[in-house]
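Residue numbers (this note's numbering): 12 to 420.
Here it is as structure tokens:
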């Protein structure tokens, strides 16, 4: 892979003519009616709740159960909530689906001609902070070009309940069938954060002229913020292998990220690698491929948690809802290979390298749902989790893949 220095293009552009257009679903009924139903939607469960694990306590004695929000999804990767109560979900083959007060809509909100190969496809999604005014929804996906695979951040506009007017706001991000990233989120600062994997080129993660193996920070229009830590560059943090989860702590504003460690590829030393949870700071270098896991290396920031054998950490949420006060401030991670939801009890640790420590952790729902990828915190203060059993590495149940809401027992 060529990693020579290149200019980073700022600003949006329309999808190129060569890219197949989005295929939009037929418009649903009026959104005004949905807005009236939204409060009831957040409060209710699914009457058809079935094939879900029994209610149980976690190790802290917190009792919870799962409500089925949607089923029959195909590799749901990420979700976004909008103020009228709808939930937008990406499916890796290229569809954006919508869940409203009546459940999962049969027709996609939008479809993108992504390259769903290996671990790549349609991945992260984020609703713009000004969605009520603009209707903007951002997604990141892997696309095939004459020169190979690239990741792109595409902005769509919600109009009459359909995603239209696709605009590429960030193009040419490094991609591969494996280690393609790609989480997407708006930060408390209103900036757009996107993660990239090392695209099977580990040294690129340490190369500031490459956008591989990084957390990148952009303006919503795809431009580079003037206050980025490396002037003129979208790079916010580096030395990462394949970040698939981003979340901010609502009380402190700190950014956390999950990172996949080495998994036995021939060009990697599996013995040195561990999956990680990191506290992300501007200019932070997290060591890959020169360091992994809890190695004590002066140049690099260590994780606050690491796992060997690998659990394949993906989606990430920091719980801040009014329910489950015993979980307040805890991190929740979807474990793909580990087949569980991992809870980590976090505590600020002033004076330490990272400023945080993990007091204890527990594996919830172990082997109950299969591969768990999607984890998100909803505006109702509840956790949402989704399975990834139809991704070619799981054992799908008839209703998979499914999205659940965690509620008190």
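Note that CB positions come from ideal geometry on N, CA and C, so glycine has one too. For clarity, every value in this text was computed on a predicted model and none was experimentally measured.
**Prompt:** For residue 253, which residues from the same chain have a beta carbon less than 6 Å from its beta carbon, with the 5 sequence-adjacent residues on both sides left out?
**Reply:** So the list reads 190, 208 and 271, once near-sequence residues are dropped.
**Item:** Pairwise C-alpha distance: residue 89 and residue 37
**Value:** Because residue 37 sits at a pLDDT of 37, beneath the cut-off of 50, its placement in the model cannot be relied upon, and the following sentence gives the value as read from the coordinates. Looking at the two C-alpha atoms, the distance is approximately 23 Å.
**Message:** My parser needs the beta strand (DSSP E) runs of 3 or more residues fully inside the stretch 57-129; what are they?
**Reply:** Segments of the beta strand (DSSP E) lying fully in the stretch 57-129: 74-81, 87-92, 98-102 and 106-111.
**Asked** Which stretch, first to last residue, makes up the beta strand (DSSP E) that contains residue 353?
**Response** 351-359
**Request:** Under 8 Å Cβ to Cβ from residue 216, same chain only, skipping five residues before and after it: list those, please.
**Result:** 209, 223, 224, 225, 249, 250, 251, 252, 299 and 300
**Asked** Starting from residue 144 and walking both ways along the alpha helix (DSSP H), at which residues does that stretch end?
**Response** 142-145
**Prompt:** Applying the criterion that 16 or more other CB atoms from any shown protein chain within 10 Å of the CB defines a buried residue, is residue 337 buried or exposed?
**Reply:** exposed
**Prompt:** For the beta strand (DSSP E) that residue 248 lies in, which residues bound it at each end?
**Reply:** 246-249
**Prompt:** Would you report the Cα separation of residue 357 and residue 376, rounded to the nearest angstrom?
**Reply:** 20 Å
**Limits of the unbroken beta strand (DSSP E) element including residue 178** = 173-185
**Message:** Does residue 407 come out as helix, strand or coil in the three-state DSSP assignment?
**Reply:** coil
**Message:** When you compare the stretch 140-156 with the stretch 69-84, are there three or more beta-carbon pairs, one atom per stretch, that lie closer than 8 Å?
**Reply:** no
**Message:** Per DSSP, what are the beta-bridge partners of residue 162 in this structure?
**Reply:** 153 and 184
**Item:** N-terminal and C-terminal residue of the beta strand (DSSP E) that residue 384 is part of
**Value:** Judged by DSSP secondary structure, residue 384 falls within the beta strand (DSSP E) whose first and last residues are 383-388.
**Asked** If you run the structure through DSSP and keep just helix, strand and coil, what is residue 262?
**Response** coil
**Asked** Cα-Cα, which of 169, 159 and 265 is closest to residue 94?
**Response** Answer by Cα proximity: 169.
**Request:** Determine the extent of the beta strand (DSSP E) in which residue 396 is found, giving its start and end residues.
**Result:** 394-398
**Asked** Does DSSP classify residue 299 as helix, strand or coil?
**Response** coil
**Asked** When the Cα atoms are used, what is the spatial distance from residue 155 to residue 136?
**Response** 19 Å
**Request:** For residue 139, count neighbouring C-beta atoms within 10 Å of its own C-beta (all shown protein chains included) and say buried if the count is 16 or more, exposed if not.
**Result:** buried
**Message:** Which residue marks the beginning of the beta strand (DSSP E) containing residue 289, and which one marks its end?
**Reply:** 286-291
**Asked** So what's residue 215 in DSSP terms, helix, strand or just coil?
**Response** helix
**Request:** Assign residue 373 to one of three DSSP states: helix, strand, or coil.
**Result:** Strand at residue 373.
**Asked** How about residue 387 and residue 326: are their beta carbons less than 8 Å apart?
**Response** yes
**Request:** Would you decide whether residue 351 is buried or exposed? Buried here means 16 or more other CB atoms lie within 10 Å of its CB.
**Result:** buried
**Request:** Could you tell me which residues DSSP pairs with residue 133 in its beta bridges?
**Result:** Residue 133 pairs with 152.
**Message:** Could you tell me the alpha carbon to alpha carbon distance between residue 394 and residue 353, rounded to whole angstroms?
**Reply:** Put simply, the backbone Cα of residue 394 is about 12 Å away from that of residue 353.
**Item:** As assigned by DSSP and simplified to three states, the class of residue 336
**Value:** helix
**Message:** Please classify residue 242 as buried or exposed, where buried requires at least 16 other C-beta atoms within 10 Å of its C-beta.
**Reply:** exposed
**Prompt:** Quick one, are the C-beta atoms of residue 256 and residue 324 less than 8 Å apart?
**Reply:** yes
**Prompt:** Given that a residue counts as buried once 16 or more other Cβ atoms are within 10 Å of its Cβ, and exposed if not, what is residue 370?
**Reply:** exposed
**Asked** Quick one: what's residue 224 bridged to in DSSP?
**Response** DSSP output for residue 224 lists no bridge partner at all.
**Item:** Contacting residues, own chain, Cβ-Cβ under 8 Å from residue 104 (five flanking each side not counted)
**Value:** Excluding its 5 nearest sequence neighbours in each direction, residue 104 has C-beta neighbours in its own chain below 8 Å: 85, 86, 125, 127, 132 and 133, listed in chain order.
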